[in-house]
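Chain order of the listed sequences is A and B. Each step along the first sequence adds one to the number in numbering that gives the first Met the number 0, with nothing skipped, and position 37 is 36. Each step along the second sequence adds one to the number in numbering that gives the first Met the number 0, with nothing skipped, and position 123 is 122. Using N, Cα and C, we set each Cβ at its ideal position, and we do this for glycine too. The structure under discussion appears below in the form of structure tokens.
There are 2 protein chains.
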Amino acid sequence: MPRAKSKSRENLLDNALNTFWKTGFHVVSMGDLVRETGVSRAGIYSDFGGKEDLFHACLDRYQDTVVTPAFAPVEAEGAGIEGIKAYFDNLLARFEDTGGFGMGCLVGNTLSQIPEDAQETRQRLRAHCDRLTAGFHKVLTYENGDDGPLSVSEIAALARYTMLSVQGIWSYSRLTGDVAELRAASDMLIAVLKARLRGAPD
Amino acid sequence: MPRAKSKSRENLLDNALNTFWKTGFHVVSMGDLVRETGVSRAGIYSDFGGKEDLFHACLDRYQDTVVTPAFAPVEAEGAGIEGIKAYFDNLLARFEDTGGFGMGCLVGNTLSQIPEDAQETRQRLRAHCDRLTAGFHKVLTYENGDDGPLSVSEIAALARYTMLSVQGIWSYSRLTGDVAELRAASDMLIAVLKARLRGAPD
DNA sequence: CCTGCTTTAGAATGATCGTTCTCCTACATC
DNA sequence: GATGTAGGAGAACGATCATTCTAAAGCAGG
């Protein structure tokens, strides 16, 4: 009977995820990962193929352990604008937990340093953006109802715009230590969505 | 009498800037810079202290040769919303020139991979964000006039929100090759600003 | 051609990278 | 306690990194 995995192995992915999250793929060395995860080099290489494979696994883990819980209020059945607000609150709470500068979004961070030919990575980033956009799209469609002011294409554009703004907010969270700035931007975005659902004229 | 600088030296900064812009500080090696700029290693080290000093010089150069011309319509005396629109058009035109994926914003790209203790770099990024925010703030103040619907603090929040959204849009430009997506987001942001200047209720 | 200076290509250096390997410890099962 | 195996510590390796150094080439003024 095979032995159970050691304790440190269980947290390997989560610790590696946090390390990559802080400063990005290229800045993190295998030595850093060994130190931060407490797992030996051989252990990392036997569980994953190498640094890049580990990073891809971290991107997937990020979806499961970070995005899914935080974004749940948006993806929940019958979620409305308050679901988006709850999502922002989750992100703000995470920012406040870190104290000082935030870490932004792992996907957004990766996006800013991805080479043109890293297709496997790019595909994961795109999936993330599409996931967020789809969630916002669903909520906006729900709020718009059958006879709301927004057309389907307007909803699509507004959903993507929301996703882009969220990325901008979390990118900036790496530069500020003031949660009030981020909260103001989140509130502004919520207000914008509400206004357009109410039929603000162009 | 000292000789004039060689031709390749004149473009050193611009070529280095483009190289850093594409993939970020850590991915670019000195060998890459030598190849892309056509200047010898010794030449780079004599004109600048080292890789990091060169990068800082590129951040400054970025302000002068990229941000200043593109952002000029916003910073111009008496600029209004159409100045912001012209700024977006400049960025969209730049995106279309590259063909395929965009390069985003050098500041935004750097922000996503900056270590917590890189204070000299962080200071430059903050200055950039403050510059954009100040430009939008000026335009919004102008458009709001003496008896507009927005208070001073609302203008400040809206200016920062605009800056954040712009960063999000240009971050996403690294993931898409479709200028229509970016234009839709830009148009949406303009519409949002106009609506709030018209006094959209919260 | 000679002299003085700038700029070049490229080797040398020491550090660090990702990756692999060996050796040894620690523990489950008998 | 003996045995088998998984995991950890860290050396070894070749590649590449930023940086420095050497030597030669290019060019201006005499």
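Can you pull the chain B neighbours of A:C57, defined as C-beta to C-beta under 9 Å?
None at all; the shortest Cβ gap to chain B is about 16 Å.
Indicate whether at least one CB of chain A lies closer than 9 Å to the CB of B:M29.
no
Going by C-alpha to C-alpha distance, which of B:V151, B:D13 and B:D146 sits closest to B:K137?
B:V151
In angstroms, rounded to a whole number, what distance separates the CA positions of A:F100 and B:H55?
21 Å
Would you call the segment 185-198 of chain B and the segment 118-125 of chain A touching, i.e. three or more CB-CB distances under 8 Å?
no
Please compile the residues from chain B whose C-beta is within a distance smaller than 8 Å of the C-beta of A:F100.
E115
Compute the Euclidean distance between the alpha carbons of A:F135 and B:T36, then round it to the nearest angstrom.
44 Å
For the alpha helix (DSSP H) that B:E74 lies in, which residues bound it at each end?
T67 to E74
Closest Cβ-Cβ distance between B:L259 and chain A: below 9 Å?
The displayed coordinates of chain B run from 0 to 201. Any statement about residue 259 of chain B would go beyond what the structure contains.
Helix, strand or coil for B:G48, going by three-state DSSP, please let me know.
coil
Okay, do the segment 24-43 of chain B and the segment 58-76 of chain B touch, 3+ Cβ pairs below 8 Å being the bar?
no
Quick check on the DSSP output: the alpha helix (DSSP H) that includes A:M187 runs from which residue to which?
V178 to L196
Apart from the five residues just before and just after A:E74, which ones in its own chain have a Cβ nearer than 6 Å to its Cβ?
G134
Would you report the Cα separation of B:G198 and B:T22, rounded to the nearest angstrom?
42 Å
Check whether chain A comes within 9 Å of B:H25, counting only Cβ atoms and requiring the distance to be less than that.
yes
How far does the alpha helix (DSSP H) with B:A117 in it reach, from first residue to last?
Counting along the chain, B:A117 falls outside any alpha helix (DSSP H), and DSSP gives it neither H nor E.
Rounded to the nearest angstrom, how far is the Cβ of A:S111 from that of B:R173, given a contact under 8 Å?
7 Å
Evaluate contact between the segment 174-183 of chain A and the segment 92-107 of chain A, counting only Cβ atoms and requiring at least three cross-stretch pairs below 8 Å.
yes
Please tell me whether B:I168 and B:A158 are closer than 9 Å, where the distance is taken between their beta carbons.
no
Can you check which of these residues, A:V65, A:E95 and A:S28, is closest to A:V106 by C-alpha distance?
A:V65
Closest Cβ-Cβ distance between B:K21 and chain A: below 9 Å?
yes
Please determine whether the Cβ atom of A:F19 lies at a distance below 8 Å from any heavy atom of the ligand GTP.
Only the bare structure without any ligand can be found here, which leaves the ligand GTP out of the picture.
Name the chain A residues whose beta carbon is nearer than 7 Å to that of B:Y44?
Ordered by position in chain A, no residue passes the 7 Å Cβ test against B:Y44, which lies about 23 Å from the chain.
Cβ-based neighbour list, A:L149, same chain, cut-off 6 Å, excluding 5 preceding and 5 following
N143
Reduced DSSP secondary structure (H/G/I, E/B, other) of B:F94:
helix
Neighbourhood of B:L11 by C-beta distance below 6 Å, restricted to the same chain and skipping five residues each side:
T36 and V38
Applying a beta-carbon distance threshold of less than 8 Å, which residues of chain B neighbour A:N108?
S111 and Q112
Flag B:S164 as yes if its beta-carbon sits less than 9 Å from any beta-carbon of chain A, otherwise no.
yes
Note the first and the last residue of the continuous alpha helix (DSSP H) segment covering B:F100.
Counting along the chain, B:F100 falls outside any alpha helix (DSSP H), and DSSP gives it neither H nor E.
For a contact meaning CB atoms closer than 9 Å, what does A:S170 contact in chain B?
G107, L110, S111, L163, Q166, G167 and S170
Near A:R8, which residues of its chain fall below 8 Å by C-beta distance, leaving aside the five closest residues on each side in sequence?
V38, G42 and D46
Step through the CB atoms of chain B and report whether any lies within less than 9 Å of the CB of A:G77.
no
With a Cβ-Cβ cutoff of 9 Å, do A:I80 and A:L192 count as a contact?
yes
Supposed contact pair A:A85 and A:P72 - C-beta distance, whole angstroms, cut 8 Å:
4 Å
If we cut at 9 Å on Cβ distances, does A:A183 have a partner in chain B?
yes
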